[in-house]
Structures are given as C-alpha cells and as structure tokens.
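Colleague: Residue numbers 1 to 147, in the UniProt record's numbering, belong to the letters of the sequence shown in order. C-beta atoms are modelled at their ideal positions from N, C-alpha and C, and glycine is treated no differently. Structure below; questions to follow.
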Amino acid sequence: MSDVTHPMTSNRPYLLRAIYDWISDNGLTPYLLIDATGEGVRVPPQVIKNGQVVLNIAMRAVANLELGNDWVGFSARFSGVSHVVRIPVGSVLALYAQENGQGMMFPAEEEGGDTPPPPAPDEPPPGQGGNGDDKPKRGAPFLRVIK
C-alpha cells in the first residue's frame with residue numbers, strides 16, 4: 001500500500017442525495033435545516049428565524065430541485081410568490097423527515113473551508129412550485145441516530 005493520501009471531496013452532497021431518496025421512497029416529507037447566515041445562501045428573508053430556515057423540499061413543494069455537489073437549488077412559492085432558492089451544501093445543517101424526525105444532522109463547516117463558486121445570475125423562476133407551507137407543524141426537529 002502507498003503512503004500517499006489522496007484528498008477527497010466532501011461526502012455531504014452524496015449523503016444529502018441518499019437521505020433525500022430514502023425519506024422520499026418511504027413516502028415521508030424531506031425538510032432541510034439551513035444556516036441562513038452562510039455565505040451565498042439565497043432564501044426569502046421573511047422565512048429566516050434565528051439565523052436558520054427550515055424548508056420543505058418534497059417534490060410536491062418545489063420545482064426543479066437540484067441536489068448538486070456544491071449547491072442545493074430549487075424554485076418554491078412563499079406566501080404565494082415564486083422564489084429561486086440557492087443554498088451552498090456547506091450551509092445544510094440537517095435533512096430529516098418531517099413526520100418522524102429521522103434523518104441526518106451535519107456539522108457546521110469550519111471557517112476558511114472550500115467555498116463553492118458564486119451562483120449563476122438570476123434566471124426567471126421556472127414553473128410553479130411549492131405549497132407555501134415551509135414551516136414544520138411542530139416544534140424543533142427531532143433527529144435520531146440511524147444504525
């Protein structure tokens with residue numbers, strides 16, 4: 001075996017896609033908990049509470065969902081107004097099922113880490129999306145360790 005270590009990319013985007021699929025395949029509603037203070041986060045300011053925002057990213061709630069390696073992006077309606085949402089993957093704090101709290105929390109990214117390139121210029125919001133109900137129906141999310 002070689003003593004050379006090869007730097008690896010973050011596993012966060014891969015885990016996000018896997019957990020999203022797992023939650024959706026079980027007929028549950030995937031919710032993202034976002035650090036809204038992170039650089040490059042683009043969400044409607046009225047949905048930010050205490051520097052965080054919870055977003056329903058179920059297919060019925062958003063349009064053109066993209067869970068990329070650097071960004072999470074989609075269009076959704078908030079209070080009847082369509083918005084393009086863009087979130088650097090590093091600003092995702094958790095992805096969980098709204099109905100039972102199962103999912104995964106992610107550590108906050110350290111300062112000075114790799115920052116994804118800036119988002120592309122604004123494009124017109126694609127299609128219709130979202131149901132405007134982007135707040136959980138109960139208190140703070142409850143997460144448990146999945147073995």
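(1) For Ile88 and Val4, I'd like the C-alpha separation in whole angstroms.
(2) Helix, strand or coil for Ser10, going by three-state DSSP, please let me know.
(3) On the three-state DSSP scale, how would you describe Pro136?
(4) In or out: Pro30 buried (at least 16 other Cβ within 10 Å) or exposed?
(5) Going by beta carbon distance, what residues of the same chain come within less than 8 angstroms of Val43, once the five residues before and after it are set aside?
(6) Evaluate Val62 with the Cβ neighbour count: other Cβ atoms within 10 Å of its Cβ, from every protein chain shown; 16 or more gives buried, anything less gives exposed.
Modeller: Once the coordinates are examined:
(1) Locating residue 88 in the sequence shown gives position 88, counting from the first residue. Locating residue 4 in the sequence shown gives position 4, counting from the first residue. Here the sequence assigns Pro to residue 88, which means Ile is not the residue at that position. Answer to the nearest angstrom: the Cα atoms are 30 angstroms apart.
(2) Locating residue 10 in the sequence shown gives position 10, counting from the first residue. Looking at Ser10 - three-state DSSP - the assignment turns out to be coil, as it is neither helix nor strand.
(3) As a first step, residue 136 must be located in the sequence shown, where it is residue number 136. In this prediction, Pro136 scores a pLDDT of 38, lower than 50, which makes its location untrustworthy; the coordinate-derived value is nonetheless stated afterwards. In this structure, Pro136 counts as coil in the three-state DSSP scheme.
(4) Taking the sequence shown and counting its residues from 1, one reaches residue 30 at position 30. So Pro30 ends up on the buried side.
(5) Locating residue 43 in the sequence shown gives position 43, counting from the first residue. For Val43, where only same-chain residues beyond five positions count, the Cβ hits under 8 angstroms are Ile34, Ala36, Val53, Leu55, His83, Val85 and Ile87.
(6) Residue numbering aside, residue 62 sits at position 62 when the sequence shown is read from its first letter. When all chains shown are included, Val62 counts as buried.
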